[in-house]
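Count the sequence shown with the UniProt record's numbering and you get residues 1 to 336, in order.
Cβ atoms here follow ideal geometry from the backbone N, Cα and C, with glycine treated the same way.
Here's the structure we're looking at; comments come further down.
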Amino acid sequence: MTATTTVPSTPGLPDPGGVRVTVAVPTFRRPDELRDLLPRLLEQVAEVTAGGRYAAEVLVVDNDPDGSGAAVAAAVPGVRAVVEARPGIAAVRNRALEEAAGSRLLAFIDDDERPCENWLTALLATWEDSGAAAVSGRILAEYAGPVDPWILAGRFFVRRRMPTGTEIDVAATGNLLLDLDQVRAAGTRFESALGLAGGEDTLFSRSLAHAGARMVWCDESAAVDRVPAERTTRRWVLTRAWSHGNATVLTELRLSAGAVARLRIRARGLVRGLVRIAGGGARWVLGRGTGSAAHQARGARAVFRGLGMVGGALGVVYEEYARDGRRWRLGRVAPR
């Protein structure tokens with residue numbers, strides 16, 4: 001299916017001949033998950049294209065230089081695949097932006113997620129109603145096996161939700177629809193320096209918001225995140241809390257302008273981090289004294305998030321997706 005646009009488009013309104021939509025799946029060496037996901041996405045595409053209002057495609061962007069994901073996609077009729085050999089999720093997402101050059105809309109979903117019923121339909125409906133530059137949906141956790149009650153009490157994998165249409169200023173890319181006309185007008189791309197560190201979606205969405213673009217929530221659109229057993233350990237969730245705290249400060253630094261502003265952000269990040277450490281430590285002690293797993297887990301999460309913020313303020317960068325075994329480094333954070 002193809003469609004062309006011959007007149008300027010308007011946010012939230014279909015282009016003449018139908019709105020072109022690219023559904024992009026970034027992937028890295030998860031062939032089994034990808035094999036299960038692609039038919040589900042084709043069903044979603046068939047649903048939204050049935051009335052001729054939209055013309056959609058499924059695109060796999062494989063970050064494996066050997067093309068393991070592209071090989072899986074090649075076996076599924078109706079799926080397009082490209083290999084992006086530059087390492088890092090930011091490079092993959094930017095490649096998706098480039099490959100969607102002929103589309104008005106780009107929807108991201110991760111390779112380890114599964115779309116719920118009406119996932120894409122709901123995103124598109126909210127876009128039409130709101131005219132927003134970005135529409136973010138829900139992520140639901142599904143565990144591969146039994147989970148430590150301490151982790152459940154800490155609600156480490158419970159994501160936010162809010163009424164559809166609520167305006168937001170930050171969004172993750174695991175379930176996200178972008179109006180590419182508005183994204184291109186804002187000049188927003190994913191920061192390649194964050195490709196291995198994570199937080200590229202936070203910086204991207206906050207940069208979009210700083211450019212004056214609107215982002216809204218769609219509670220009817222949900223995708224299931226299948227959480228593998230290796231991620232349901234206390235070590236993993238607390239390291240992720242450290243990473244999130246670290247990314248919070250690093251994002252603010254990259255959005256800042258001028259040495260004085262960056263110094264203030266570092267000072268504020270240091271203070272906020274220390275406050276979290278103190279508050280989280282007190283809550284953990286309370287949990288130990290009362291036997292409350294919830295207080296212990298959430299207190300520990302606050303402590304580690306605070307430590308990540310302190311690390312970010314002091315120039316420590318955590319590279320969550322590093323492939324050479326190195327995770328921590330000291331480095332200068334350049335503004336965008």
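- Taking C-alpha positions only, ALA257 is separated from ALA71 by approximately 44 Å.
- DSSP, reduced to helix, strand and coil, places GLU57 within a strand of the structure shown.
- Cβ atoms of ILE109 and ASP225 stay farther apart than 8 Å, at about 10 Å.
- Taking C-beta atoms under 8 Å as the contact rule, ILE89 and GLU200 qualify, at a distance of about 6 Å.
- In the DSSP assignment, ALA222 is bridged to ARG138.
- Judged by their CB atoms, VAL216 and ALA132 are nearer to each other than the 8 Å cut-off.
- Residue environment analysis places VAL79 among the buried positions, since at least 16 neighbouring C-beta atoms fall within 10 angstroms of its C-beta.
- A distance below 8 Å separates the beta carbons of MET309 and GLY245.
- Two segments are said to touch when three or more pairs of C-beta atoms, one from each, lie closer than 8 Å; by this definition the segment 63-77 does not touch the segment 148-159.
- Checking the DSSP bridge columns, you'll see THR27 partnered with ASP62.
- The continuous alpha helix (DSSP H) containing ASN246 extends over residues 234-255.
- A residue is called buried once 16 or more other Cβ atoms fall within 10 Å of its Cβ, and ARG266 is buried on that count.
- Secondary structure at ILE277: helix, using DSSP grouped into helix, strand and coil.
- Taking all protein chains shown into account, VAL271 has fewer than 16 neighbouring C-beta atoms within 10 Å of its C-beta and is therefore exposed.
- DSSP places GLU113 in no alpha helix (DSSP H) but in the uninterrupted beta strand (DSSP E) bounded by 113-115.
- Cα atoms of VAL61 and PHE28: separation of roughly 9 Å, rounded to the nearest angstrom.
- Taken through DSSP and simplified to helix, strand or coil, THR202 comes out as helix.
- Annotation for PHE304: the continuous alpha helix (DSSP H) segment containing it runs 293-313.
- Under the three-state reduction of DSSP output, THR22 falls in the strand class.
- According to the DSSP assignment, ASN118 belongs to no beta strand (DSSP E), since it is labelled neither H nor E.
- Using a 10 angstroms sphere on the CB of HIS295, the tally of other CB atoms reaches 16 or more, which defines it as buried.
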